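K.L.:
Numbering (my numbering), first residue to last: 673 to 952.
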């Protein structure tokens, strides 16, 4: 089952509307040549998470990121947050993602932005991370854990690769305890959300991994507004998506995202930023 779900996530992001080509085309449309692209330019197009650079700034502040931090970005996607983090704080960042095409795209965008010396991307599974114990001082993630089944194993892996007193700061899609089996099945089929947790569930699992939640910031209201805007944004890319992936793909994704947004608007789904610390 885990392999089937992992394959579904890989395929979902292989055909995602936001990708390296789309990002570089958007930059080119502004009249900016590839050899003059900087992180300041790229960050206006590559932040494929809720809230853009403002959300990453909040994560940076919450985690008190320092230049000496060694950071793991779990499920790093196109690498926008990883690049922004390294550029803004001077820290070293490794991104991990299960989708090979996203790793390749993130690597190319990082090369274009001139950040390959401090940011790199690794193809791998967050449930079996290809890193030694105690490799990082900080692990971060943004709206990606909902795609991953087996939360106990995921959080145990995050704890394993963190050093003593290491921080795990992540935002994720949550539910309030009233998510039906039918809606969960639709979320998996349309958005490849394999397992959606509650805030209380995360706190207990983190405790069992030797980590303690030190802060939880409720983002539900903010995310509901953002998701309505993102649905409109994806619909604005209709012609590009249809040209690249076909009409059927566009319409399937549109229906799935509309259902996702409706679950936020009806109070079924929630969101939060969670900050946990590993014991000494």
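Positions of the beta carbon are idealized from the N, C-alpha and C atoms, including for glycine.
Keep in mind that this is a model prediction, so the values were computed, not measured.
Consult DSSP for residue 713 and reduce its assignment to one of helix, strand or coil.
P.N.:
In this structure, residue 713 counts as helix in the three-state DSSP scheme.
K.L.:
Looking at C-alpha atoms only, which residue of 684, 697, 676, 885 is the closest neighbour of residue 922?
P.N.:
Among 684, 697, 676, 885, the Cα nearest to that of residue 922 is on 684.
K.L.:
For residue 824 and residue 877, which I take to be in contact (beta-carbon distance under 8 Å), what is that distance rounded to the nearest angstrom?
P.N.:
Between residue 877 and residue 824 the Cβ distance is about 6 Å, and since that is below 8 Å, they are a contact.
K.L.:
Here's the rule I'm using: 16 or more other beta-carbon atoms within 10 Å means buried, otherwise exposed. How should residue 893 be labelled?
P.N.:
Counting Cβ neighbours within 10 Å, residue 893 comes out exposed, since fewer than 16 surround it.
K.L.:
Within the stretch 817 to 857, note down every full beta strand (DSSP E) run reaching 3 residues or more, in order along the chain.
P.N.:
834 to 847, all fully within the stretch 817 to 857.
K.L.:
Can you tell me where the alpha helix (DSSP H) with residue 780 in it begins and where it stops?
P.N.:
Note, residue 780: alpha helix (DSSP H), 772 to 784.
K.L.:
Which residues in the same chain as residue 838 place their Cβ atom closer than 6 Å to its Cβ, once the five residues preceding and following it in sequence are excluded?
P.N.:
Excluding sequence neighbours, residue 838 sits near 809, 950.
K.L.:
Which of the three DSSP states, helix, strand or coil, is assigned to residue 745?
P.N.:
Here residue 745 sits in strand by DSSP.
K.L.:
Pick out whichever of 865, 757, 835 has its Cα sitting closest to the Cα of residue 765.
P.N.:
Minimum Cα distance to residue 765 is reached at 757.
K.L.:
Among all the DSSP beta bridges, which residues are the ones paired with residue 869?
P.N.:
Beta-bridge pairing links residue 869 to 846.
K.L.:
Secondary structure at residue 767, three-state DSSP: helix, strand or coil?
P.N.:
Of the three classes helix, strand and coil, the one that applies to residue 767 here is strand, per DSSP.
K.L.:
Beta-carbon within less than 7 Å of residue 788's beta-carbon, same chain only, minus the 5 sequence neighbours each way: which residues are those?
P.N.:
Cβ neighbours of residue 788 beyond the five flanking positions: 782.
K.L.:
Give the DSSP-derived three-state secondary structure of residue 787 in the structure shown.
P.N.:
Coil at residue 787, not helix or strand.
K.L.:
Out of 749, 933, 890, which one is the CA nearest neighbour of residue 730?
P.N.:
Nearest C-alpha to residue 730: 890.
K.L.:
Taking the alpha carbon of residue 888 as the reference point, which residue from 679, 742, 800, 844 has its own alpha carbon closest?
P.N.:
The option with the nearest alpha carbon to residue 888 is 844.
K.L.:
Based on the DSSP output, what are the partners of residue 698 in its beta bridges?
P.N.:
Paired residue(s): none; residue 698 is not in a bridge.
K.L.:
Counting Cβ pairs closer than 8 Å, one from the stretch 853 to 869 and one from the stretch 924 to 943, do we hit at least three?
P.N.:
In short, these stretches touch, since the Cβ pair count reaches three.
K.L.:
Buried or exposed: which applies to residue 749, given that a residue is buried once 16 or more other Cβ atoms fall within 10 Å of its Cβ?
P.N.:
Counting Cβ neighbours within 10 Å, residue 749 comes out buried, since at least 16 surround it.
K.L.:
Taking the alpha helix (DSSP H) that residue 921 falls in, what are its first and last residues?
P.N.:
Its alpha helix (DSSP H) spans residues 919 to 937.
K.L.:
Does DSSP put residue 811 in a helix, in a strand, or in coil?
P.N.:
DSSP places residue 811 in strand when its eight states are reduced to three.
K.L.:
Pairing CB atoms from the stretch 713 to 721 with CB atoms from the stretch 739 to 747, are three or more of them under 8 Å?
P.N.:
No: fewer than three Cβ pairs fall under 8 Å.
K.L.:
Please classify residue 711 as buried or exposed, where buried requires at least 16 neighbouring CB atoms within 10 angstroms.
P.N.:
Buried, since its Cβ has 16 or more Cβ neighbours within 10 Å.
K.L.:
Tell me which residue opens and which closes the beta strand (DSSP E) that residue 883 is part of.
P.N.:
Its beta strand (DSSP E) spans residues 883 to 890.
K.L.:
Just the C-alpha distance for residue 726 and residue 772, rounded to the nearest angstrom, thanks.
P.N.:
Cα-Cα distance, rounded: 27 Å.
K.L.:
Return the CA-CA distance between residue 777 and residue 691, expressed in angstroms with no decimal places.
P.N.:
One C-alpha to the other measures close to 7 Å.
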